[in-house]
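Structure first, then comments.
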Amino acid sequence: MSSLMRRTAAAFAAGALLTGAVLTGTAHAEQAERDAAPLQSTLRDAAAAQGRFAGTAINDGLLSNPTYTSIASREFSSVTAENVMKWETIQPSRGNFNFSGGDRLVDFAQQNNQQVYGHTLVWHSQLPSWVSNGGFNAEQLNAVMTEHITEVVSHYAGDVAYWDVVNEAFNEDGTLRQSVFQQTLGQQYIADAFRVADAADPDAKLCINDYNIEAINAKSDGLYQLVSSLLQQGVPIDCVGFQSHLILDQIPGSFQSNLQRFVDLGLEVIITELDIRIPMPADQAELQRQAEQFAEVTEVCLAVDGCVGVTVWGISDRDSWVPDVFPGEGAACLYDDNYQAKPAYYAMLEAFGGGDDGGDDGGDDGGDDGGEEPGPEPEGCAATYSVVNRWNQGSVVEVSVTTEQALSGWTVEFSLPAGSVTSGWNAQVSQSGTQVTATNAPYNGSVPAGGTLSFGFQTDSGATYDTPQITLNGAPCATA
Ligand code: 9MR
């Protein structure tokens with residue numbers, strides 16, 4: 023499919039969701055404007071064209087890695103502190119504040135014209151034991167919480183656009199988690215935390231953030247009741263963060279209507295920590311479904327007017343928290359272990375209405391960060407053609423092609439000297455004379471730069487022959 027067709031399809035999908043399939047006159051005008059605009063080739067530009075931000079969590083330890091920082095700065099317009107603004111880091115002992123990691127993030131964001139998303143002020147986890155086991159009574163703990171929020175939010179006032187003020191306050195059944203704050207202060211701690219944060223920076227947007235609240239379920243119902251009551255009491259809450267640590271093939275059907283009900287209360291909603299984990303090793307079909315699901319979540323956000331941004335939780339699979347916490351699962355991010363863009367990256371870009379401009383491959387270009395010069399754009403392909411089984415009147419062949427350039431749709435051609443194709447898999451395989459043409463299946467058209475496509479077919483001949491020349495999208499490949 024051409025870039026234009028893909029863009030139009032993606033924009034139409036977003037428009038159809040927004041309007042219930044019938045575009046209004048204004049929507050037609052906006053649609054025409056979008057179609058006339060050049061394709062945006064980065065997540066941040068494509069998201070901005072839709073009035074959204076595209077964010078990522080930043081791992082402080084990787085800010086010295088130029089591959090990491092070049093992707094972080096090019097692709098994302100919002101950066102969340104993955105760990106360095108958490109209580110245990112920022113106030114490890116009472117009154118001893120360590121802003122160094124957070125300040126590095128703010129500097130990085132300012133150099134790259136990015137928004138900073140502050141994470142997180144009041145949370146039961148990554149909480150130093152002087153707080154969790156401090157034996158404070160209600161008055162003391164209230165003072166401790168007030169001091170922490172006031173110091174941190176004032177330090178970053180003007181630099182941090184959004185704060186996760188309260189994180190993961192709920193149990194799965196929709197009741198409030200018995201954290202030290204809840205146990206000592208009761209539910210009031212939540213309203214108080216928001217009021218204190220607002221006093222320290224009236225311009226920052228203040229969110230409550232949680233996981234497993236993407237669907238309409240007991241937990242999101244509990245949250246909905248809480249934020250409704252906070253709003254009724256005039257508590258300064260602006261937004262709800264939906265972490266969205268999702269599992270492949272389990273994107274909730276009620277995601278959009280759930281976001282909408284919070285927006286209908288007058289709040290912004292944000293996808294704050296998106297990743298989609300896969301049982302390892304992840305195969306091509308799973309990566310393709312993951313791509314579709316990253317696009318689906320993006321489209322859900324685009325379909326809800328008050329959904330202001332999507333943040334992914336980390337850049338590459340190698341940096342993700344997932345394998346540490348869920349052994350045997352992983353591959354949850356937009357970039358692979360080598361910082362190459364995965365199908366998920368391209369799908370998310372397209373869902374935001376952007377697309378490949380033929381130049382940038384979405385992966386690291388090895389340059390632009392003060393280090394080496396960018397290398398030449400990679401080109402070419404390498405193919406293997408393996409007859410994996412042969413008998414009197416038949417053979418089974420597997421073909422793999424590794425591409426140096428990212429693909430969004432592929433055609434592989436070669437001549438078959440003996441016999442006819444009787445069936446194919448992982449591609450639509452057709453034959454005319456000796457010429458065989460295989461085009462991608464609906465689920466495996468996107469291949470990242472450096473990625474490999476594979477398909478197979480069966481023939482009605484057991485004859486032996488030399489390996490044929492293979493072409494990818496018309497260009498000959500080195501063939502083994
Ligand atoms: O990604 C974070 C990881 O590096 C930390 O070890 C972990 C500690 O709890 O926190 C991870 O981030 C969490 C986030 O702060 C809150 N939502 C869940 C995230 C994944 O665990």
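Numbering (the numbering used here), first residue to last: 23 to 502. Every residue gets a Cβ at the ideal spot worked out from N, C-alpha and C, and that includes glycine.
Check: W432: CB within 6 angstroms of a non-hydrogen atom of the ligand 9MR; Outcome: no
Check: Cβ-Cβ separation, S442 to D482 (assumed contact under 8 angstroms), whole Å; Outcome: 6 angstroms
Check: Rounded separation between M302 and V166 - CA only; Outcome: 43 angstroms
Check: Contacts around Q137, its chain only, beta-carbon distance under 8 angstroms, and the 5 residues preceding and following it disregarded; Outcome: F75, G77, S99, S100, V101, A131, A183, Y184
Check: Test: G196 CB closer than 7 angstroms to a CB of chain B; Outcome: In the structure shown, chain B cannot be found, because there is only a single protein chain.
Check: Whole-Å CB distance - S422 paired with V409, under 8 angstroms assumed; Outcome: That pair is no contact at about 13 angstroms.
Check: Close-in-space but distant-in-sequence residues of the same chain around D225 (CB under 6 angstroms, 5 per side omitted); Outcome: none
Check: Own chain residues within Cβ distance below 6 angstroms of F277, not counting five before or after; Outcome: E236, V322
Check: Own chain partners of A222 with C-beta closer than 6 angstroms, once the 5 adjacent residues on each side are dropped; Outcome: T172, V175, S176
Check: Sufficient close CB pairs (3 or more, under 8 angstroms) joining the stretch 353-360 to the stretch 320-337; Outcome: yes
Check: Option nearest L127 by Cα separation, candidates N155, F119, V144, E104; Outcome: E104
Check: For C229, the residue or residues it bridges with in DSSP; Outcome: D186, C261
Check: Contact test: W343 Cβ vs the ligand 9MR heavy atom, cutoff 6 angstroms; Outcome: yes
Check: beta-carbon S147 near the ligand 9MR non-hydrogen atom, thresh 6 angstroms; Outcome: yes
Check: Neighbourhood of A213 by C-beta, 7 angstroms cutoff - its chain only, sequence neighbours within 5 removed; Outcome: L252, Q255, V257
Check: Counted within 10 angstroms of its Cβ, other Cβ atoms place W413 as buried (16 or more) or exposed; Outcome: exposed
Check: C6 in three-state terms, based on DSSP; Outcome: Outside the modelled stretch of the chain, which goes from 23 to 502, sits residue 6, for which no answer is possible.
Check: Chain-order list of residues whose beta-carbon lies under 7 angstroms from that of E318 (same chain, five-residue window excluded); Outcome: I273
Check: Same chain, Cβ closer than 8 angstroms to G180, five either side skipped, listed in chain order; Outcome: D223, D225
Check: Pair within 7 angstroms by beta-carbon distance, V13 and G328; Outcome: Nothing in the structure corresponds to residue 13, since the chain is present only between 23 and 502.
Check: Residue from Q113, P349, S430, F479 with nearest C-alpha to N411; Outcome: F479
Check: Distance CB(W432)-CB(L475) smaller than 7 angstroms; Outcome: yes
Check: CA-to-CA distance, A440 to V419, given in whole angstroms; Outcome: 12 angstroms
Check: Exposure label - R29; buried when at least 16 CB within 10 Å; Outcome: Only weak support is given to the placement of R29: the predicted model assigns it a pLDDT of 34, under 50, and the question is left unresolved by the model.
Check: For H146, three-class secondary structure by DSSP; Outcome: coil
Check: Per-residue burial, Y368 [other beta carbons within 10 Å of its own, 16 or more giving buried]; Outcome: buried
Check: Rounded C-alpha distance that separates L494 from L429; Outcome: 10 angstroms
Check: Three-state secondary structure assigned by DSSP to W109; Outcome: helix
Check: Length-filtered (3 minimum) beta strand (DSSP E) runs lying within the stretch 440-474; Outcome: 443-447, 449-454, 457-462
Check: Residue from L248, C499, G446 with nearest C-alpha to F192; Outcome: L248
Check: Proximity of V330 and T320 at Cβ, strictly below 7 angstroms; Outcome: no
Check: Residue closest to K227, alpha-carbon to alpha-carbon, out of Y487, S342, V262, V434; Outcome: V262
Check: E290 burial status per 10 Å Cβ neighbour count (16 or more: buried); Outcome: buried
Check: Residues near F121 in its chain [Cβ-Cβ closer than 7 angstroms; skip 5 each side]; Outcome: I112, H177
Check: Best match in G288, Y361, P150, S452 for proximity to T91 [C-alpha to C-alpha]; Outcome: Y361
Check: Identity of the residue in G484, V434, R66 nearest A460 by Cα; Outcome: V434
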